[in-house]
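> Residues in the sequence shown are numbered from 1 upward in steps of one, following full-length UniProt numbering.
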Amino acid sequence: MTRHQDPREQQPRAATAAATALADMETKAMNGAAHAPHGNGALQNGAAKGVLVVGLDSGSSGTTSEEDWDELSAAAGLPVQVDGEKDLTIQAASSFRAGGLRGQHPQPAALRIEGADAAAAAEPVKGAARGVILSAEDAAAVRDVLMQTSLLPGGAGGSLSSLLSSLGGSEGGSGGGNAAATTPKPQRRHGKFSDLVFTRTFSAFDRQNQDAANSPFHGFYTLFWIAVFFFVVKIGADNWRTYGSWLGTNEIMQTMFRRDLLVLLIADGVMCAATGVSWLLQRAVRAGYVNWDRSGWVIQNVWQTTFIGAVVGLTLWRDWPWSHTVFFVMHGLVMVMKQHSYAFYNGYLSSAYEKRSHLLAALKQLDDISPVQTPSQTEPPVSAISTSHLASVPSAYHYKERRRSMAGAQVPEIDRIANAISSGEPLDEEQVYVFERILKWEVDALSDELRGKSTVATRAYPNNLTLLNHYEFIVLPTLVYELEYPRSESIHWSYAAEKIAACFGIIFVMIMVSQAFIYPVVIDMIRMKEAGVPLAGRFARFPGMLTELIFPFMMEYLLAWYLIWETILNFLAELTFFADRSFYDAWWNSVSWDQFARDWNRPVHNFLLRHVYHSSISAMKVDKHTATLITFFLSACVHELVMWCIFKKLRGYLLFLQMCQLPLVRLSRTKYLRNRATLGNMMFWMGIFTGPSILCSLYLIL
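(1) CA-CA distance, residue 317 and residue 623?
(2) Would the beta-carbon of residue 625 be found less than 7 Å away from any heavy atom of the ligand MN?
(3) Report the rounded CA-to-CA distance for residue 672 versus residue 210, giving the unit in angstroms.
(4) Got a sec, what are the start and stop residues for the alpha helix (DSSP H) residue 639 sits in?
(5) Would you mind working out which of 461, 436, 435 and 434 sits nearest residue 447, comparing C-alpha positions?
(6) Just the Cα atoms here: how many angstroms apart are residue 272 and residue 476?
(7) Is it true that the segment 606 to 626 meets the segment 652 to 664, where meeting means three or more beta-carbon pairs spaced less than 8 Å apart?
(8) Would you identify the three-state DSSP class for residue 578, choosing helix, strand or coil?
(9) Classify residue 585 as buried or exposed, calling it buried when 16 or more other Cβ atoms lie within 10 Å of its own Cβ.
(10) Of all the options 334, 588 and 291, which has the alpha carbon lying nearest to the alpha carbon of residue 308?
(11) Report the rounded CA-to-CA distance for residue 340 versus residue 240, giving the unit in angstroms.
(12) On the DSSP bridge list, what partners appear for residue 428?
(13) Inspect the CB distances between the segment 218 to 238 and the segment 284 to 301 and report whether three or more fall short of 8 Å.
(14) Just curious, the alpha helix (DSSP H) that residue 598 is in, first and last residue?
(15) Check this for me: beta carbons of residue 752 and residue 426, under 8 Å apart or not?
(16) Look at the Cβ atom of residue 665, then the Cβ atom of residue 592, and state whether they are nearer than 8 Å.
(17) If you draw a straight line from the alpha carbon of residue 20 to that of residue 391, how long is it in whole angstroms?
(18) Please determine, among 201, 376, 289 and 251, the residue with the shortest C-alpha to C-alpha distance to residue 323.
(19) Short of 6 Å in beta carbon distance, which residues of its chain neighbour residue 246, apart from the five on each side in sequence? Order them along the chain.
(20) Keeping to the same chain, check which residues put their C-beta closer than 6 Å to that of residue 264; ignore five residues upstream and five downstream.
(21) Rounded C-beta distance between residue 695 and residue 641? I'm assuming under 8 Å.
(22) Report the three-state DSSP secondary structure of residue 249 (helix, strand or coil).
(23) Which whole-angstrom value is the C-beta distance of residue 549 and residue 338, which I expect to be below 8 Å?
(24) Thinking residue 570 and residue 649 are a contact (beta carbons under 8 Å), I'd like their distance in whole angstroms, please.
(25) Using C-beta distances below 8 Å, list every residue in its chain close to residue 503, excluding the 5 sequence neighbours before and after it, in chain order.
(26) How big is the Cα-Cα spacing for residue 588 and residue 207?
(27) Considering only DSSP beta bridges, list what residue 487 is partnered with.
(28) Mapping DSSP to helix, strand and coil, what is residue 201?
(29) By the three-class DSSP mapping on this structure, what secondary structure does residue 471 have?
(30) With 16 as the cutoff for other CB atoms within 10 Å, does residue 686 come out buried or exposed?
(31) Express the C-alpha separation of residue 423 and residue 365 in angstroms, rounding to a whole number.
(32) Tell me, to the nearest whole angstrom, how far the beta carbon of residue 276 is from that of residue 470; I am working on the premise that it is less than 8 Å.
(33) In its own chain, which residues sit with a C-beta less than 8 Å from the C-beta of residue 465, not counting the 5 before and 5 after it?
(34) Report all residues from its chain with a CB closer than 8 Å to the CB of residue 472; omit the five preceding and five following residues, and keep chain order.
(35) How many Å lie between residue 544 and residue 532 at the Cα?
(36) On the three-state DSSP scale, how would you describe residue 498?
This is how it looks when you write it as structure tokens:
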């Protein structure tokens, strides 16, 4: 049947308006360019391409966090990535100002936001000045988001917010200013699943990382391991002189291997296999037996609670030693996070799939409708329908923005259209034409959502719901489920052998250090408690315990971190062809505790960011500060659970100290500590240096 042309088709498209608005912005920027400070080479290169460039560096009093930039990225419809060479990056900056404006092209195609001094001002970001190129259509939206949110510092003169405000006015320019001024400001986007970018990269200490190998500090890395070697030789020599054995009394190793080692390995295998319950639930959702939005997510949460309860219960029932308990509980928590990410992302996609099926049925029904020649009275009339979104390319981002813009409506616009089609009431030609365009746009946008980051149809939802895909994710060194990840082409077996050898070597070093310096102190305190020494007497031992434990615990802390995030995860990544190995960032340069939380454990940070922080904002409708509090509290509770499993006592010391990081984060953003990186780094290292030994002493004494 013949479709009529939309009578409103002659109106300017949104993309053209956005480009015109940007041209107006650049014209005004050129008028004030002489007064702006010069940017770096990256800014000038950007300008040479005819791009309006706003440079950011570390000169203002404003602060922002990585989560703030996640919000900006989400509003722009582009992902955030904060390490490695990425082609789409929004620079996270702890403080910034307008750095420079350049440009000669009469109609710029993009807005670039770059960091001019990433190494000094942007601790969450590794390397220097990397930017994001936004499409002309999205650039105006980014400008609006910057102006309406609290991401940018206020103040006079050089602040980016005032700069953008001056650029966004309706006076002067080439005629596009009004278009920009009347552009509706998009709301902040806090999607349930904040976009994360996986890309090919190596960890900082990996020998394949050329940046690390060429670092001027690489010699200190070599020196550290030489020092560790001679330190272990000294311990062994002391053991030989005292006990007649290089291993000394060797109680720790005997504890690890004396009993239930085979039971532990079997239980761990069963635990990993049991994660298939989450896959079975998603198959039931796909088959229509379970509705995810009604009962599916409840069933999943009940299963996860049962799962971790069984893990902890087994350690208590078998009365495992601390070594078995730590491994099994920590691995159980990893499996819970993996199941949660797998289930909730696929559950979300199941809702999108169901919606698309409903719209396809409505579109098929619309094809069979013959429009009436006279204006129809069937609701909704074309005049009451928003079609501005049709100017944009259908995408998952634009679909979510459209859903958000209609969140306040009693009946969503697309549902009103579907109801009108299914009602059998007459529709006129204009209604049929507009309804068809809207339905096709929605279907295409939902299809883009279901494809996610997959490059082949076999990995798009629901084709991804295979047993192989589920267990492939279970063994990958990531906690965030995606339809597709960057993969390496082959396994370098020599590299894998190097990592597994390093793994066992570090475990041996940790056992030697613990046996020589930590175990005697622990046994001494246990004997004091068994002998009935009063609490005051045990606390009198506290300063001595602290001085005896502080150095060995610091060494154990560093070795344990290196063991997991550099050796074990890289070994798994090599065996599973997983190419994104940014398991950590330069956390040792942290100047605040929130930066440390982001950088020292990237897999867990990404999980908490997507499934706790952003999900709290979208599902619970809380602000970002409350979401941060929820995220920190949940993390602290999980850490305290591990302490309870080890010491068999609930004290809350770790929970309390971890929650104390929040006021310390606020303190780091005050005028007393802001832009004082050395002082901030000293305070951070004091906490890392003393925290583990204080915690161990408190759990042993009380």
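Glycine is no exception: its CB is placed at the ideal position from the N, C-alpha and C atoms. Values in this document were obtained by computation on a predicted structure and should not be read as measured data.
Reading off the structure:
(1) On the sequence shown, position 317 is the one that residue 317 refers to. On the sequence shown, position 623 is the one that residue 623 refers to. Distance from the CA of residue 317 to the CA of residue 623, rounded to the nearest whole angstrom, comes to 42 Å.
(2) The model depicted lacks the ligand MN and carries no ligand whatsoever.
(3) Along the sequence shown, read from residue 1 onward, the residue named residue 672 stands at position 672. Along the sequence shown, read from residue 1 onward, the residue named residue 210 stands at position 210. C-alpha separation (whole angstroms): 37 Å.
(4) Residue mapping note: residue 639 aligns to position 639 of the sequence shown, counting from 1. Looking at the DSSP string, the run of the alpha helix (DSSP H) that includes residue 639 is 624 to 647.
(5) Numbered from 1 along the sequence shown, position 447 holds the residue referred to as residue 447. Checking every option, the nearest Cα to that of residue 447 belongs to 461.
(6) Looking up residue 272 in the sequence shown gives position 272. Looking up residue 476 in the sequence shown gives position 476. Answer to the nearest angstrom: the Cα atoms are 12 Å apart.
(7) Touching, no, given that fewer than three Cβ pairs across the two stretches are closer than 8 Å.
(8) Within the sequence shown, numbered from 1, the residue matching residue 578 stands at position 578. In the structure shown, residue 578 sits in a strand (DSSP, three-state: E or B).
(9) Mapped onto the sequence shown, residue 585 falls at position 585. Looking at its Cβ environment, which holds 16 or more other Cβ atoms inside 10 Å, residue 585 is buried.
(10) Here residue 308 is taken as the residue at index 308 of the sequence shown, counted from 1. Answer by Cα proximity: 334.
(11) By one-based count along the sequence shown, residue 340 stands at place 340. By one-based count along the sequence shown, residue 240 stands at place 240. Cα-Cα distance, rounded: 50 Å.
(12) Taking the sequence shown and counting its residues from 1, one reaches residue 428 at position 428. The partner list for residue 428 (beta bridge, DSSP) reads 372.
(13) no
(14) In the sequence shown, counting from the first residue as 1, residue 598 sits at position 598. Taken as a continuous stretch (DSSP letters only), the alpha helix (DSSP H) holding residue 598 covers 593 to 599.
(15) Outside the displayed range of the chain (1 to 702) lies residue 752, so it cannot be described from this structure.
(16) Residue numbering aside, residue 665 sits at position 665 when the sequence shown is read from its first letter. Residue numbering aside, residue 592 sits at position 592 when the sequence shown is read from its first letter. Yes; because the gap between Cβ atoms is below 8 Å, this pair is in contact.
(17) Stepping through the sequence shown from its first residue, residue 20 is reached at position 20. Stepping through the sequence shown from its first residue, residue 391 is reached at position 391. Caution applies to residue 20, whose pLDDT of 40 falls short of 50 and renders its modelled position unreliable; the value that the coordinates give is listed next. Cα to Cα, the separation comes out at about 15 Å.
(18) Locating residue 323 in the sequence shown gives position 323, where the first residue counts as 1. Nearest C-alpha to residue 323: 251.
(19) For this step, residue 246 is matched to residue 246 along the sequence shown. Cβ neighbours of residue 246 beyond the five flanking positions: 236, 239 and 240.
(20) Walking along the sequence shown from the start, residue 264 turns up at place 264. Cβ neighbours of residue 264 beyond the five flanking positions: 324.
(21) In the sequence shown, counting from the first residue as 1, residue 695 sits at position 695. In the sequence shown, counting from the first residue as 1, residue 641 sits at position 641. Here residue 695 is actually not in contact with residue 641; their C-beta atoms are around 14 Å apart, not less than 8 Å.
(22) Taking the sequence shown and counting its residues from 1, the one referred to as residue 249 is at position 249. Residue state, collapsed to three classes: coil.
(23) Taking the sequence shown and counting its residues from 1, one reaches residue 549 at position 549. Taking the sequence shown and counting its residues from 1, one reaches residue 338 at position 338. Actually they do not touch by this definition, with Cβ atoms about 34 Å apart.
(24) By 1-based counting over the sequence shown, the position of residue 570 is 570. By 1-based counting over the sequence shown, the position of residue 649 is 649. Between residue 649 and residue 570 the Cβ distance is about 35 Å, and since that is not below 8 Å, they are no contact.
(25) To locate residue 503, count along the sequence shown from 1; it is residue 503. Within the same chain, residue 503 has close Cβ partners 563, 567, 568 and 571.
(26) The residue you call residue 588 lines up with position 588 of the sequence shown. The residue you call residue 207 lines up with position 207 of the sequence shown. So the two alpha carbons sit approximately 19 Å from each other.
(27) By one-based count along the sequence shown, residue 487 stands at place 487. Bridge pairing for residue 487: 578 [DSSP].
(28) Position 201 of the sequence shown, counting from 1, holds the residue named residue 201. Three-state result, residue 201: strand.
(29) Here the question's residue 471 lines up with position 471 in the sequence shown. In the displayed model, residue 471 falls within a helix according to three-state DSSP.
(30) Numbered from 1 along the sequence shown, position 686 holds the residue referred to as residue 686. With fewer than 16 other Cβ atoms within 10 Å, it is exposed.
(31) Translated into positions along the sequence shown, residue 365 becomes position 365. Translated into positions along the sequence shown, residue 423 becomes position 423. Using only the alpha carbons, I get a separation of about 11 Å.
(32) Within the sequence shown, the letter at position 276 stands for residue 276. Within the sequence shown, the letter at position 470 stands for residue 470. With a Cβ gap of about 7 Å, residue 276 and residue 470 count as contacting.
(33) In the sequence shown, residue 465 corresponds to position 465, counting from 1. Closer than 8 Å at the Cβ level, and outside the excluded window around residue 465, lie 279, 282, 283, 286 and 346.
(34) For the purposes of this step, residue 472 is taken as residue 472 along the sequence shown, with counting starting at 1. Only residues of its own chain outside the window of five on either side were considered, and among them 576 have a CB closer than 8 Å to the CB of residue 472, listed in chain order.
(35) Position 544 of the sequence shown holds residue 544. Position 532 of the sequence shown holds residue 532. Their Cα atoms are separated by approximately 19 Å.
(36) As a first step, residue 498 is located in the sequence shown; it is residue number 498 there, counting from the start. In the structure shown, the three-state DSSP call for residue 498 is helix.
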